[in-house]
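Data block below; observations after.
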Amino acid sequence: MSTATLAPAGRANVVANTLTIARRNLLHIRANPEQLVEMTVQPFMFLALFVYVFGGAIAGSSREYLQYALPGILVQGIAFTPFTTAIGLNVDFQRGLIDRFRSLPIARSAVISGRIVADGVRIVWSILIITGFGVLLGFRFGGGVAGALGALALVTAFGLTMCWFMAFIGITARTTESVNTWGFLIILPLTFASSAFAQPETMPGWLEAFVNVNPLTSVIDATRGLMLGGPVAEPVTESLIWLAVITAVFAPLAIARYRRRI
Amino acid sequence: MTGSHRNHQLDRLVDRGWVEVKPFRSKNTTRERGAGERPVSVGAHPDHAENGNSLALSQPRGKLGGDNERERETKVTISAIEAEGLVKTFGKVRALDGIDMVAREGTVFGLLGPNGAGKTTAIRVLSTLLRPDAGRASVGGYDVVRQPKQVRRLIGLTGQYAAVDELLSGHENLYMIGRLLGLRAPQARARAAELLEAFDLADAASKLAKAYSGGMRRRLDLAASLVGRPRFLYLDEPTTGLDPKSRLALWGMIRGLVADGATVLLTTQYLEEADRLADEIVVIDHGRVIAAGTPEQLKTRVGGQVLQARPADPSDLAATERILAAFAGGEDDIYTDGQLVTVTVDDRSALGQVVRRLDDAGIVVDDLSLRRPSLDEVFLAVTGHLTQDESEPDHDPQRSRT
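Residue numbers (numbering that gives the first Met the number 0), protein chains in the order written: chain Z, 0 to 261; chain X, 0 to 401.
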């Protein structure tokens with residue numbers, strides 16, 4: 000039998016393999032079109048509810064609150080997008096697909112990186128949707144084109160970082176239910192106990208202390224600064240350090256778990 | 000009954016040009032057949048009419064024919080898959096407890112054993128998915144621990160559950176594997192179409208796999224493991240959960256692949272399957288090899304003949320047992336299951352004597368037979384229990400079988 004048609008597994012193939020897996024994951028949206036609705040309608044609902052329900056109470060007017068809250072809601076939305084990474088990897092393990100991939104002469108990292116590239120596409124989509132709705136409701140950029148693009152780049156980088164963390168959760172958890180449980184238990188407090196929806200100064204001291212060390216606060220402050228035209232040097236630096244640290248910890252952990260999980 | 004299905008299916012595959020009919024050589028014997036006789040071993044006793052023709056799946060045309068045949072004969076002595084003293088423990092469970100085995104190239108090697116015996120663990124070690132704790136194994140000359148990449152280039156794996164992506168169509172599943180294996184897009188598309196046709200899935204090519212029936216998923220799964228034309232094909236309980244018709248079709252496909260020179264490592268709980276397909280068998284239980292050889296050797300090892308009687312009146316059971324026991328080799332050779340008394344006998348004249356004694360005792364039987372032992376009896380003899388009756392918990396911790 001001829002095996003001559005198989006290309007050697009080199010660096011170029013890692014990229015090709017990653018793209019093949021990414022394409023496969025994006026094709027899944029077609030089988031579950033509700034995913035697209037979820038990715039599109041949900042952020043809009045969230046944005047509208049927060050701004051019009053809490054806006055007046057928190058900031059005096061919903062218009063003013065929109066300016067404050069949009070960057071926070073954007074980061075919060077993107078913090079949840081990588082759940083698809085976790086659930087997807089978990090289901091692939093349970094269905095035996097990972098065994099098939101691992102028995103192929105392909106780069107082992109391609110299965111995870113392909114998943115993350117696909118989720119990168121979802122992340123960019125969600126960012127554009129949330130920001131677009133924000134503009135529609137009256138959000139105005141104060142930081143110029145450079146600031147806006149910088150904010151989008153930073154939030155995308157944040158989303159990809161969260162993908163590594165969620166990949167770790169998805170590979171470690173035995174069932175999709177426990178992926179959901181752990182994911183929500185960790186992500187939900189991180190997004191609310193941050194500067195996303197309210198000024199940390201208004202919170203009790205112990206919570207304010209937590210909010211100030213929460214990596215999401217740095218990312219939200221940096222995004223806010225870039226979008227509105229405020230101070231950016233410190234929060235952007237902090238954010239980049241956090242993202243680098245989280246990736247440096249969870250990417251190797253996720254890959255190690257991936258290799259070892261039976 | 001089933002034979003006509005197979006014929007029909009085979010004819011269709013031949014008509015489409017994806018399958019060629021040629022003599023099947025690799026099983027233990029080669030018998031001459033009448034001209035025009037169809038290759039149907041289906042439905043017959045395994046000892047009869049085993050070898051006919053076989054399905055040769057979508058090989059490059061130029062490669063078929065005499066060269067291939069000769070090549071296979073010269074390779075027959077090469078050890079394709081070798082394992083020595085494989086040990087793998089999960090916590091306290093020794094899933095593999097020193098497995099030795101040698102599978103020759105171009106044959107079907109059957110790994111037989113009850114649930115939890117270690118079959119799946121062995122397959123996972125040989126496919127580089129698990130590292131053994133001790134021992135060594137090689138596939139096509141490459142070490143599974145030190146040269147996993149080379150091994151992966153040679154193997155195709157079909158696991159216990161159909162590992163297909165349910166949210167992709169059949170074609171997309173195969174196309175994806177082709178691309179991952181480095182085929183260019185047009186080649187990958189062509190290969191996918193070719194395999195879908197060969198596995199009778201062309202009509203469902205663009206349907207999502209989650210809409211497939213169990214048999215269709217299995218076929219798609221097998222097709223996926225064949226995209227790279229692997230030299231070594233691992234089939235982990237490939238027919239579990241399949242209806243008889245799909246099972247027969249899959250057997251035909253497996254024979255065809257072997258006829259093309261592939262080496263198949265097959266695990267199964269179905270003794271009949273091993274008897275039909277395997278050139279050599281290793282029986283494992285509790286992670287150890289407890290018997291090895293060709294199906295014929297294993298049957299000979301049990302020795303003698305099997306005599307079975309079923310009294311028409313259940314109250315005659317004890318008397319029937321007594322009469323048959325007189326011919327049994329020893330205490331262990333008597334086995335009663337429900338109303339059926341089975342003894343292993345060495346004396347070929349036993350049947351006649353048993354008939355007379357039963358008649359003298361006024362016992363009417365529904366069923367009385369003398370035959371060679373089946374692999375079931377071999378299994379019973381070497382493990383002390385039947386596969387089907389396996390009541391132990393599943394030792395393989397790695398899977399929740401669904």
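Positions of the beta carbon are idealized from the N, C-alpha and C atoms, including for glycine. Predicted, not measured: the structure shown is a model, and the values here were computed from it.
- Going by C-alpha positions, W241/Z is about 41 angstroms away from T120/X.
- Here A162/X has D220, A223 as same chain residues with Cβ atoms under 8 angstroms from its own Cβ, once five neighbours each way along the sequence are excluded.
- Counting along the chain, no beta strand (DSSP E) covers Y160/X, and no H or E run does either.
- Membership of Y67/Z in any beta strand (DSSP E) is not indicated; the residue belongs instead to the alpha helix (DSSP H) covering 61-79.
- Listed along chain Z, the residues sitting closer than 9 angstroms to A223/X by beta-carbon distance are R99.
- In the DSSP assignment, M100/X is bridged to A82/X.
- Under the DSSP assignment, G143/Z falls outside any beta strand (DSSP E), being part of the alpha helix (DSSP H) whose first and last residues are 143-171.
- Distance from A253/Z to I111/Z at the Cβ level is roughly 6 angstroms; contact confirmed, criterion being Cβ atoms closer than 8 angstroms.
- Considering only E279/X, A349/X, G139/X, the residue with the shortest C-alpha distance to F326/X is A349/X.
- Taking 9 angstroms as the upper bound on Cβ-Cβ separation, chain X lies near residues D91, Q93, R94, G95, L96, I97, D98, R99, F100, R101, S102, L103, P104, I105, A109 of the stretch 83-114 of chain Z.
- Residue pairing of R135/X in beta bridges, as defined by DSSP: E83/X.
- Ranking A106/Z, A47/Z, S102/Z, D98/Z by CA distance to the CA of L136/Z puts A47/Z first.
- What R103/X touches in chain Z, judged by beta-carbon distance under 9 angstroms, is nothing: the nearest beta carbon there is about 16 angstroms away.
- Around the beta-carbon of A56/Z, fewer than 16 other beta-carbon atoms lie within 10 Å, marking it exposed.
- Under the three-state reduction of DSSP output, T343/X falls in the strand class.
- With the criterion set as a beta carbon lying under 9 angstroms from some beta carbon of chain Z, the members of the stretch 228-261 of chain X are R228, P229, R230, Y233, L256, D259, G260, A261, in sequence order.
- Apart from the 5 residues on each side of it in sequence, D365/X sits with its Cβ closer than 7 angstroms to the Cβ of R309, A311 in its chain, given in chain order.
- One Cα belongs to S126/X, the other to G97/X, and the distance between them is close to 17 angstroms.
- Not one beta carbon of chain X lies nearer than 8 angstroms to the beta carbon of A68/Z.
- Distance from the Cα of Y233/X is smallest, within the candidate group V138/X, L297/X, L306/X, for V138/X.
- Excluding the 5 residues flanking it on each side, L249/X has same chain C-beta neighbours closer than 8 angstroms at R217, R218, L221, P237, T238, L241, in chain order.
- A distance below 8 angstroms separates the beta carbons of L276/X and G109/X.
- Cβ contact annotation for S238/Z (same chain, cutoff 6 angstroms, sequence separation greater than five): S217, V218, A221, in chain order.
- Here A201/X has L195 as same chain residues with Cβ atoms under 7 angstroms from its own Cβ, once five neighbours each way along the sequence are excluded.
- Three or more Cβ pairs closer than 8 angstroms define a contact, and the stretch 168-175 of chain Z meets that threshold against the stretch 87-107 of chain Z.
- Two segments are said to touch when three or more pairs of C-beta atoms, one from each, lie closer than 8 angstroms; by this definition the stretch 249-259 of chain X does not touch the stretch 87-94 of chain X.
- Using a Cβ-Cβ cut-off of 8 angstroms, L219/X does not count as an interface residue toward chain Z, since no Cβ of chain Z sits closer than that to its own.
- K298/X is classed as buried because its beta carbon has at least 16 other beta carbons within 10 Å across all chains shown.
- Taken in chain order, the whole alpha helix (DSSP H) runs of length 4 or more contained in the stretch 202-245 of chain Z are 204-212, 214-227.
- Ranked by Cα distance from N179/Z, the first of T84/Z, G133/Z, G224/Z, R258/Z is T84/Z.
- Not a single CB atom of chain X sits nearer than 8 angstroms to the CB of A117/Z.
- Here F167/Z is buried, its C-beta having at least 16 other C-beta atoms within 10 Å.
- Taking the Cα positions, L18/Z is about 9 angstroms away from L179/X.
- Contacts with chain Z at 8 angstroms (Cβ-Cβ) include L180/X.
- The Cβ of D164/X sits closer than 8 angstroms to at least one Cβ of chain Z.
- Closer than 8 angstroms to the CB of T80/Z there is not a single CB belonging to chain X.
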